[in-house]
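Have a look at the structure below, then the notes.
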């Protein structure tokens with residue numbers, strides 16, 4: 228049995244891993260994926276839980292989300308790629324990949340808006356698993372664009388003003404971050420294998436750089452605030468049914 232299968236064969240197995248974080252929320256976390264009756268404490272329904280699945284391009288997020296989508300008490304929300312690909316008559320995602328220095332600010336501004344909409348969406352099930360968050364958009368992807376010279380200092384400054392306002396005023400909430408920590412070489416091989424149109428020209432250097440931004444944020448903790456406890460999983464292993 229594959230390692231991923233062992234980890235995820237029962238969604239309740241996450242709970243024992245989360246408890247080592249010592250964040251004092253185990254009473255809530257232990258009820259995430261139970262049935263409706265188990266989601267009550269002293270006759271009151273526990274607050275739904277929101278989890279951000281974080282990781283590089285090709286880290287295994289889609290596979291993990293597809294696995295948990297089988298559970299009736301889990302709502303899976305993928306990145307709103309369809310919105311990014313259909314803005315009026317344009318495809319902001321394709322434009323961004325074709326010419327990042329020209330379109331990075333426009334694209335990331337729209338990512339910020341659409342991801343905020345995901346954060347603010349009403350939860351209809353005990354657990355919501357969302358693909359990435361406004362936090363990784365700002366702390367990893369925008370930082371990478373700015374540091375690599377694909378976003379100007381004035382564009383970065385304006386974006387950061389918007390981002391900081393969103394964090395301060397809208398308070399996008401997550402209860403847990405699951406970080407799929409995957410070797411950049413493995414990510415790159417998966418990207419080539421799945422052959423998505425917009426990803427055909429992604430260089431290895433981009434994958435390596437994004438990986439480092441994730442490491443600095445969630446592992447080394449040298450940059451930016453971490454908004455929730457972090458559960459690190461080995462994303463190099465394949466999840467097989």
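Numbering (the numbering used here), first residue to last: 228 to 468. Glycine included, every Cβ here is placed at the ideal spot set by N, Cα and C.
Query                                                                                                              : Result
Top-ranked residue by Cα proximity to residue 349, from 457, 324, 410 and 274                                      : 274
Residue(s) in a DSSP beta bridge with residue 408                                                                  : 461
Helix, strand or coil at residue 416 [DSSP, three-state]                                                           : helix
Alpha-carbon to alpha-carbon, residue 402 and residue 249                                                          : Note that residue 249 scores 34 on pLDDT, short of 50, meaning its location in the model is unreliable; the coordinates nonetheless yield the value given after this. Between residue 249 and residue 402, the C-alpha separation is close to 13 Å.
CA nearest to the CA of residue 338, picked from 390, 292 and 377                                                  : 390
Outcome for residue 308 when other beta-carbon atoms lying within 10 angstroms are tallied against a minimum of 16 : exposed
Cβ-based burial, residue 260 [other Cβ within 10 Å; buried from 16]                                                : Here residue 260 scores only 46 on pLDDT, less than 50, and its place in the model should not be relied on; the value that follows carries that caveat. With 16 or more Cβ atoms within 10 Å of its Cβ, residue 260 is classed as buried.
Reduced DSSP category for residue 374 - H, G, I as helix; E, B as strand; rest coil                                : helix
Cross-strand partners of residue 288 (DSSP beta bridge)                                                            : BP columns for residue 288 are empty, so no partner.
Length of the line joining the Cα atoms of residue 296 and residue 351                                             : 14 Å
DSSP bridge partner residues for residue 279 (one or two, in chain order)                                          : 357 and 404
Nearest to residue 398 (by Cα), restricted to the options 289, 423, 342 and 435                                    : 342
Residue environment, residue 409, which counts as buried when at least 16 other CB atoms sit within 10 Å           : buried
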